[in-house]
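Visitor: Please see the structure below; I have some questions.
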Amino acid sequence: EEKEPLNFIEHIIEEDLKGSYSKEDLQFRFPPEPNGYLHIGHASSICLNFGLGLRYKAPVNLRFDDTNPAKEEQEFVDAIKKDVSWLGFEWANECYASDYFQQLYDWAVQMIKDGKAYVDSQASEAIAQQKGTPSEPGVESPYRNRPVSESLELFEQMKNGEAPEGSHVLRAKIDMASSNMLMRDPVMYRILHKSHHRTGTDWKIFPMYDWTHGESDYIEQVSHSFCTLEFLPHRELYDWFLDQVHEKDKLRPKQREFARRNLSHTVVSKRKLAKLVEEGVVNGWDDPRMPTISGLRRRGYTPDSIKNFADSIGVGKRENLIDVSHLEFNVREDLNKKADRVMAVLDPLKVVITNYPEGEEEWLEAENNPGDDTAGSREVPFSREIYIEQNDFKEEANRKFFRLKLGGEVRLKNAYIIKAEKAIKDDAGNIVEVHCSYDTDSKSGSGTEASLRKVKGTLHWVSVNHALPVEVRLYDRLFTDASPDTHKDKDFMEFINPNSLEVITGYAEPSLEKLQPEDTVQFQRLGYFTVDRDSTSAKKVFNRTVALRDSWAK
Ligand code: ATP
Ligand code: MG
Ligand code: MG
Numbered sequence: 032e033e034k035e036p037l038n039f040i041e042h043i044i045e046e047d048l049k050g051s052y053s054k055e056d057l058q059f060r061f062p063p064e065p066n067g068y069l070h071i072g073h074a075s076s077i078c079l080n081f082g083l084g085l086r087y088k089a090p091v092n093l094r095f096d097d098t099n100p101a102k103e104e105q106e107f108v109d110a111i112k113k114d115v116s117w118l119g120f121e122w123a124n125e126c127y128a129s130d131y132f133q134q135l136y137d138w139a140v141q142m143i144k145d146g147k148a149y150v151d152s153q154a155s156e157a158i159a160q161q162k163g164t165p166s167e168p169g170v171e172s173p174y175r176n177r178p179v180s181e182s183l184e185l186f187e188q189m190k191n192g193e194a195p196e197g198s199h200v201l202r203a204k205i206d207m208a209s210s211n212m213l214m215r216d217p218v219m220y221r222i223l224h225k226s227h228h229r230t231g232t233d234w235k236i237f238p239m240y241d242w243t244h245g246e247s248d249y250i251e252q253v254s255h256s257f258c259t260l261e262f263l264p265h266r267e268l269y270d271w272f273l274d275q276v277h278e279k280d281k282l283r284p285k286q287r288e289f290a291r292r293n294l295s296h297t298v299v300s301k302r303k304l305a306k307l308v309e310e311g312v313v314n315g316w317d318d319p320r321m322p323t324i325s326g327l328r329r330r331g332y333t334p335d336s337i338k339n340f341a342d343s344i345g346v347g348k349r350e351n352l353i354d355v356s357h358l359e360f361n362v363r364e365d366l367n368k369k370a371d372r373v374m375a376v377l378d379p380l381k382v383v384i385t386n387y388p389e390g391e392e393e394w395l396e397a398e399n400n401p402g403d404d405t406a407g408s409r410e411v412p413f414s415r416e417i418y419i420e421q422n423d424f425k426e427e428a429n430r431k432f433f434r435l436k437l438g439g440e441v442r443l444k445n446a447y448i449i450k451a452e453k454a455i456k457d458d459a460g461n462i463v464e465v466h467c468s469y470d471t472d473s474k475s476g477s478g479t480e481a482s483l484r485k486v487k488g489t490l491h492w493v494s495v496n497h498a499l500p501v502e503v504r505l506y507d508r509l510f511t512d513a514s515p516d517t518h519k520d521k522d523f524m525e526f527i528n529p530n531s532l533e534v535i536t537g538y539a540e541p542s543l544e545k546l547q548p549e550d551t552v553q554f555q556r557l558g559y560f561t562v563d564r565d566s567t568s569a570k571k572v573f574n575r576t577v578a579l580r581d582s583w584a585k
């Protein structure tokens, strides 16, 4: 049994278990609106709710809050299901608020009959104006006391599509003087003559979030309905609506709030992410620069890295900004354990090993993952001409430069020790080639005295003749500002980093030919790279998931 300290949400549940709740009563839900793809903020909510399900062996429903046909689509439902599954969670039931439309309607009719709801025939501007301000009471609608029969008749007309959009709404009759603005006769239904992705044109009226959410929790018998802090003032209304329908023998759901998680250098709001997609700033919802679950997956993030990230920031009562480097740290940690080590050169400089016979080659054994005994090994080809990185060679350098310099030695990973003899330059004085000699007895793993010789630097390399040209996509932060959407006088779109994507050609060892989309490897000394689905049989495309070290840290 693990004994981790309880977070405040678990404390609430433990207290309830000491009170009137039994373990069998516990049930949770994750309730996305299918109006976009899930993002890293949702991952916190998913991990919280499904984590509670695992901890208490309680069912967790995946509930689609699909009450706005103007914004919701089947594509988003499918993407959400895929992402939750991919994270490794199983929902007990797949539920839709739209499946409750009839029940919600019947309850609303009962509320009209009970004098708890009425049809308001004013324009939305008038209704908004009459709400007043928190410091003074609002103005009651002239329709507030219309006869029950009239409201019933109008509500039915609204339902049947006989009333145009905007002509009426159904409002709860609560208290126009309440200090909680949400209690000033909130709208329960509006008319929308739009096709819904599940109910088609069956419904011409759609229930509002506040009316739908608590009742959906009630229908499913969710015990604890966790939502983000901005819903705290909605709790009074959540409870008021439950008061209208609650039966004594049924469990009454409880809404409790936790703080939204924000990530630096990005935006976590489906609406804002949709704008990036619509305006072509990124190439779709799963662009590897997006903070969406699908973007992170395509970038090379693992489910564990995202879950570990969510668990490490935990649940809190106060909103805060998590630096994206913390997310990157988690994926580096996880991939360090899981990813095979391979060699690829991204900025090539040709090295000719002058004492290596022309036309010959040999295949050298290379360990796949020194941290994993089961990872095995592979063979990499070696020959007279190889690529190293441009910045791994300098004609002259001080003692702290442990890479290759004229007259100096380095070990080529899995291969031999080489010594730089001569730099070949073009007319402009740029180094275009380095001539080296190799120590013929120094082959890695051969056990000879020369093979055990200590030289300061080890370089990665790729044989020129065997190199696999690959497209490499290097990503930077999507925004130049840590919280682009918190500026009063500037729109978040003004902070887009114009250099968030750089595409280059790299040269990889031939074993990478067999990799499939979403496979991730470590390009030694460079970082973690994941095969993109844009790869073709002619050319592999790699996304840089994350560099080996945090280049932003000082
Ligand atoms: P968005 O503004 O991105 O659409 P939302 O809260 O409207 O976010 P929903 O689809 O309603 O999105 O969210 C489903 C659940 O995920 C809700 O319980 C919501 O509170 C939670 N959630 C959304 N964003 C975050 C976040 N940044 N941190 C933690 N939980 C979040
Ligand atoms: Mg929402
Ligand atoms: Mg939203």
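Residue numbers (UniProt numbering): 32 to 585.
C-beta atoms are modelled at their ideal positions from N, C-alpha and C, and glycine is treated no differently.
Computed from a predicted model, the values in this text were never measured in an experiment.
#1: Are there 16 or more other CB atoms within 10 angstroms of the CB of residue 323, so buried, or fewer, so exposed?
#2: Looking only at its own chain, which residues have a Cβ that is under 6 Å from the Cβ of residue 433, when we skip the five neighbours before and after it?
#3: So, are the CB atoms of residue 219 and residue 264 less than 9 Å apart?
#4: Determine the contact status of residue 419 and residue 316, defining contact as a CB-CB distance below 9 Å.
#5: Beta-carbon distances below 7 Å to any heavy atom of ligand 1 define the shell here; list its residues in chain order, please.
#6: Mind reading off the beta-carbon distance from residue 412 to residue 394? Whole number of angstroms is fine, and I expect it under 8 Å.
#7: Do you know offhand how far residue 337's Cα is from residue 116's?
#8: By alpha-carbon positions, which one of 148, 435, 297 and 309 ends up nearest to residue 355?
#9: Based on DSSP bridge pairs, tell me the residues matched to residue 371.
#10: Rounded to whole angstroms, what is the Cα-Cα separation between residue 95 and residue 126?
#11: Does the beta-carbon of residue 160 have 16 or more other beta-carbons within 10 angstroms, so that it is buried, or is it exposed?
#12: Give me whichever residues DSSP pairs with residue 394 in a beta bridge.
#13: Would residue 382 and residue 416 qualify as a contact pair, given that the criterion is a beta-carbon distance under 9 Å?
#14: For residue 151, which beta-bridge partners are listed by DSSP?
#15: Return the residue from the list 558, 543 and 42 that minimises the CA-CA distance to residue 409.
#16: Taking one C-beta from the stretch 552-567 and one from the stretch 352-369 each time, how about it: are there three or more such pairs within less than 8 Å?
#17: Between the stretch 86-101 and the stretch 136-145, can you find at least three pairs of beta-carbon atoms closer than 8 Å?
#18: With respect to the alpha helix (DSSP H) encompassing residue 267, which residues constitute its N-terminal and C-terminal limits?
#19: Using a threshold of 9 Å, state whether the C-beta atoms of residue 236 and residue 268 are closer than that.
#20: I believe residue 198 touches residue 56 by the beta-carbon criterion, under 8 Å. Please report the beta-carbon distance rounded to the nearest angstrom.
#21: Are at least three pairs of beta-carbons, each pair with one atom in the stretch 104-118 and one in the stretch 59-69, less than 8 Å apart?
#22: Determine whether the beta carbon atoms of residue 1 and residue 385 lie at a separation below 9 Å.
#23: Quick one: complete alpha helix (DSSP H) runs, 4+ long, within the stretch 112-147?
#24: Do you know how far the Cα of residue 53 is from the Cα of residue 39?
#25: Of all the options 176, 36, 67 and 42, which has the alpha carbon lying nearest to the alpha carbon of residue 326?
#26: Please specify which runs of the beta strand (DSSP E), each continuous and at least 3 residues long, are wholly inside the stretch 473-500, giving them in chain order.
#27: Please state whether the Cβ-Cβ distance between residue 387 and residue 414 is less than 9 Å.
#28: Can you have a look at residue 536 and say buried or exposed, based on whether 16 or more other CB atoms are within 10 angstroms of its CB?
#29: Helix, strand or coil: which one does DSSP assign to residue 471?
#30: With three or more beta-carbon pairs closer than 8 Å as the criterion, would you say the stretch 162-171 touches the stretch 183-194?
#31: Check whether the stretch 561-576 touches the stretch 500-509, counting contact only when three or more Cβ pairs, one atom from each stretch, lie closer than 8 Å.
#32: Identify, in the order they occur along the chain, each residue of the same chain with its Cβ nearer than 7 Å to the Cβ of residue 84, setting aside the five sequence neighbours on each side.
#33: Using a 10 Å radius around the Cβ and a threshold of 16 neighbouring Cβ atoms, would you call residue 476 buried or exposed?
#34: Could you spell out the range, first to last residue, of the beta strand (DSSP E) harbouring residue 222?
#35: Provide the residue span of the alpha helix (DSSP H) that contains residue 286, from first to last.
Guide: The structure says:
#1: Residue numbering aside, residue 323 sits at position 292 when the sequence shown is read from its first letter. With 16 or more Cβ atoms within 10 Å of its Cβ, residue 323 is classed as buried.
#2: What you label residue 433 is simply residue 402 of the sequence shown in a count that begins at 1. Result list for residue 433: 487 and 488, in chain order.
#3: The residue given as residue 219 occupies position 188 in the sequence shown. The residue given as residue 264 occupies position 233 in the sequence shown. Contact flag unset, no.
#4: If you number the sequence shown from 1, residue 419 lands on position 388. If you number the sequence shown from 1, residue 316 lands on position 285. Going by C-beta atoms, residue 419 is not nearer than 9 Å to residue 316.
#5: A distance filter of 7 Å between CB atoms and the heavy atoms of ligand 1 selects the following residues in sequence order: 61, 62, 63, 64, 66, 67, 70, 72, 73, 75, 76, 96, 257, 258, 259, 291, 292, 293, 299, 300, 301 and 302.
#6: Residue 412 sits at position 381 when you count from the first residue of the sequence shown. Residue 394 sits at position 363 when you count from the first residue of the sequence shown. Contact flag correct, Cβ pair sits at about 5 Å.
#7: Taking the sequence shown and counting its residues from 1, the one referred to as residue 337 is at position 306. Taking the sequence shown and counting its residues from 1, the one referred to as residue 116 is at position 85. Approximately 13 Å, taken between the alpha carbons.
#8: The residue given as residue 355 occupies position 324 in the sequence shown. Answer by Cα proximity: 297.
#9: By 1-based counting over the sequence shown, the position of residue 371 is 340. Its beta-bridge partners are 552.
#10: The residue given as residue 95 occupies position 64 in the sequence shown. The residue given as residue 126 occupies position 95 in the sequence shown. Their Cα atoms are separated by approximately 6 Å.
#11: As a working note, residue 160 is residue 129 in the sequence shown. Burial state of residue 160 is exposed, judged by a 10 Å Cβ sphere holding fewer than 16 other Cβ atoms.
#12: As a working note, residue 394 is residue 363 in the sequence shown. Beta-bridge pairing links residue 394 to 412.
#13: Taking the first residue of the sequence shown as position 1, residue 382 is located at position 351. Taking the first residue of the sequence shown as position 1, residue 416 is located at position 385. Closer than 9 Å, so yes.
#14: The residue you call residue 151 lines up with position 120 of the sequence shown. The partner list for residue 151 (beta bridge, DSSP) reads 200.
#15: As a working note, residue 409 is residue 378 in the sequence shown. Per the C-alpha coordinates, the member of 558, 543 and 42 positioned closest to residue 409 is 543.
#16: Judged by Cβ distances under 8 Å, the stretch 552-567 makes contact with the stretch 352-369, as three or more pairs qualify.
#17: When C-beta atoms of the stretch 136-145 are compared with those of the stretch 86-101, fewer than three pairs fall below 8 Å, so the two segments do not count as touching.
#18: If you number the sequence shown from 1, residue 267 lands on position 236. Counted as a single uninterrupted DSSP element, the alpha helix (DSSP H) harbouring residue 267 occupies residues 266-276.
#19: For this step, residue 236 is matched to residue 205 along the sequence shown. For this step, residue 268 is matched to residue 237 along the sequence shown. No.
#20: Here the question's residue 198 lines up with position 167 in the sequence shown. Here the question's residue 56 lines up with position 25 in the sequence shown. Contact annotation, residue 198 with residue 56: C-beta distance approximately 43 Å; criterion of less than 8 Å not satisfied.
#21: Yes, since at least three Cβ pairs between the stretch 104-118 and the stretch 59-69 fall closer than 8 Å, the two stretches touch.
#22: Lying outside 32 to 585, the shown extent of the chain, residue 1 is not represented and no answer is given.
#23: Within the stretch 112-147, the alpha helix (DSSP H) runs of at least 4 residues that lie entirely inside it are, in chain order, 132-144.
#24: Here the question's residue 39 lines up with position 8 in the sequence shown. Here the question's residue 53 lines up with position 22 in the sequence shown. For residue 39 and residue 53, the distance between alpha carbons rounds to 19 Å.
#25: Within the sequence shown, numbered from 1, the residue matching residue 326 stands at position 295. If we check each option's Cα against that of residue 326, 67 comes out closest.
#26: Counting whole runs of 3 or more residues, the stretch 473-500 contains no beta strand (DSSP E) stretch at all.
#27: Residue mapping note: residue 387 aligns to position 356 of the sequence shown, counting from 1. Residue mapping note: residue 414 aligns to position 383 of the sequence shown, counting from 1. Contact annotation: residue 387 and residue 414 have beta-carbon atoms nearer than 9 Å.
#28: On the sequence shown, residue 536 is found 505 positions in, with the first residue counted as 1. It is exposed - the Cβ of residue 536 has fewer than 16 other Cβ atoms within 10 Å.
#29: Along the sequence shown, read from residue 1 onward, the residue named residue 471 stands at position 440. In the three-state reduction of the DSSP assignment, residue 471 falls in the coil class, being assigned neither a helical nor a strand state.
#30: In short, these stretches do not touch, since the Cβ pair count stays below three.
#31: With contact defined as three or more Cβ pairs closer than 8 Å, the stretch 561-576 and the stretch 500-509 are in contact.
#32: Looking up residue 84 in the sequence shown gives position 53. Only 59, 90 and 91 meet the Cβ criterion.
#33: In the sequence shown, residue 476 corresponds to position 445, counting from 1. Residue 476 comes out exposed.
#34: In the sequence shown, the residue the question calls residue 222 occupies position 191. Residue 222 -> beta strand (DSSP E) spans 218-222.
#35: Translated into positions along the sequence shown, residue 286 becomes position 255. First-last for residue 286: 285-289, but that is the beta strand (DSSP E), not the alpha helix (DSSP H).
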